[in-house]
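Numbering (this note's numbering), first residue to last: 292 to 613. We treat Cβ as the ideally placed atom computed from N, Cα and C, and that holds for glycine. Every value quoted in this text rests on a predicted model; they were computed, and no experiment measured them.
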């Protein structure tokens with residue numbers, strides 16, 4: 292990809308909170324807090340900083356802990372995941388702290404967790420018991436490019452239905468899994484269609500836009516309400532934005548994965564835009580050309596900046612009514 296085609300780094304509009312006060316937690320695992328209502332109910336896992344430069348989730352979770360939130364029922368597990376990458380956050384070089392050694396959101400299969408001693412593998416093993424005990428998961432993320440918020444529902448229809456109950460954001464995403472490895476929301480029972488457990492991953496917008504922090508706050512509040520841990524009045528008091536008038540589902544059919552550093556797009560890259568006609572060339576890498584597999588093909592979460600062979604550059608999907 293020609294460096295002149297790489298867009299400039301977006302401005303950093305939000306401030307990364309100091310989370311050092313939350314290091315000790317109460318579970319014996321750094322940056323993991325378990326808040327028990329003392330009453331029967333679901334076990335809810337809320338995670339920020341799966342990637343160390345996606346700070347909107349850290350803002351929402353930090354505020355929740357500082358408020359002293361107490362669930363009405365069940366248990367709430369609150370996690371700052373890749374705190375070691377976050378400790379390297381530099382607003383002058385904001386892309387560099389995504390992870391230390393590898394992407395922690397690609398290591399959640401048992402086989403991957405069993406081998407390797409990277410920073411992220413060690414941290415995932417620390418978090419695994421909390422993930423495996425959960426009934427509901429909300430994983431709070433943001434995106435490289437300027438894009439409307441998306442709810443990633445993994446590969447399971449049950450999660451799309453759950454996101455429809457949540458009521459936000461306007462676009463839900465069902466995909467085919469990530470080619471680079473298993474994500475947390477697909478681990479174990481969360482990846483089984485008939486299991487009652489549900490897991491959602493929200494992409495709140497571009498990493499450092501102010502609106503992303505509000506989406507993170509809203510999704511966290513509504514998730515706590517949907518799972519019964521927060522009262523309707525508490526949820527209402529913590530909303531920053533109205534719900535969308537309707538939600539639509541994008542069903543991803545395939546990823547476009549870079550094969551070499553010669554990868555480049557052949558069409559203008561606008562997130563969530565559509566390619567009208569099937570067979571339209573979308574991207575090229577050497578002799579290989581990807582074309583739109585059907586009419587009205589949606590370009591989901593494209594990236595035009597730092598990449599390497601094996602990285603997903605864009606996902607292709609169909610837009611459906613819910």
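From the DSSP secondary-structure annotation, give me the bridge partner or partners of residue i.
i	result
residue 326	367
residue 558	Its beta-bridge partners do not exist; DSSP assigns none.
residue 343	Paired residue(s): none; residue 343 is not in a bridge.
residue 604	DSSP, once it has assigned bridges, lists no residue as partnering residue 604.
residue 596	The partner list for residue 596 (beta bridge, DSSP) is empty, contrary to what the question assumes.
residue 453	Beta-bridge pairing links residue 453 to no other residue.
residue 546	606
To which residues of the same chain is residue i closer than 7 angstroms at the C-beta, ignoring the five residues directly before and after it?
i	result
residue 486	480
residue 505	531 and 532
residue 553	576 and 577
At a threshold of 7 angstroms, does residue i count as lining the ligand GTP (C-beta to nearest heavy atom)?
i	result
residue 548	With respect to small molecules bound, the structure shown includes none, and the ligand GTP cannot be examined in it.
Check the C-beta distance from residue i over to residue j and give it rounded, since I have them as a contact under 8 angstroms.
i	j	result
residue 482	residue 458	Not confirmed; about 24 angstroms, so no contact.
residue 628	residue 471	No statement about residue 628 is possible, as the shown extent of the chain runs from 292 to 613 and does not include it.
residue 490	residue 613	Contact flag wrong, Cβ pair sits at about 19 angstroms.
residue 376	residue 390	5 angstroms
residue 432	residue 342	7 angstroms
residue 535	residue 461	4 angstroms
Would you call the CB atoms of residue i and residue j closer than 8 angstroms?
i	j	result
residue 543	residue 496	no
residue 349	residue 308	yes
residue 366	residue 327	yes
residue 370	residue 419	no
residue 594	residue 435	yes
residue 601	residue 582	no
residue 313	residue 324	yes
residue 498	residue 385	yes
residue 511	residue 340	no
residue 562	residue 604	no
For residue i, I'd like the list of residues in its chain whose CB is within less than 6 angstroms of its CB, leaving aside the five on either flank, ordered along the chain.
i	result
residue 239	This structure cannot speak to residue 239, because the chain is shown only from 292 to 613.
residue 515	521
residue 518	333, 335 and 427
Might you give, ordered along the chain, the residues of its own chain that have their beta carbon closer than 8 angstroms to the beta carbon of residue i, omitting 5 neighbours on each side?
i	result
residue 467	446, 543, 544, 545 and 546
Item to check | Continuous alpha helix (DSSP H) assignments of at least 4 residues falling wholly in the stretch 564-588 | outcome: none
Item to check | Contiguous alpha helix (DSSP H) assignments of at least 4 residues, all confined to the stretch 361-412 | outcome: 374-377 and 401-404
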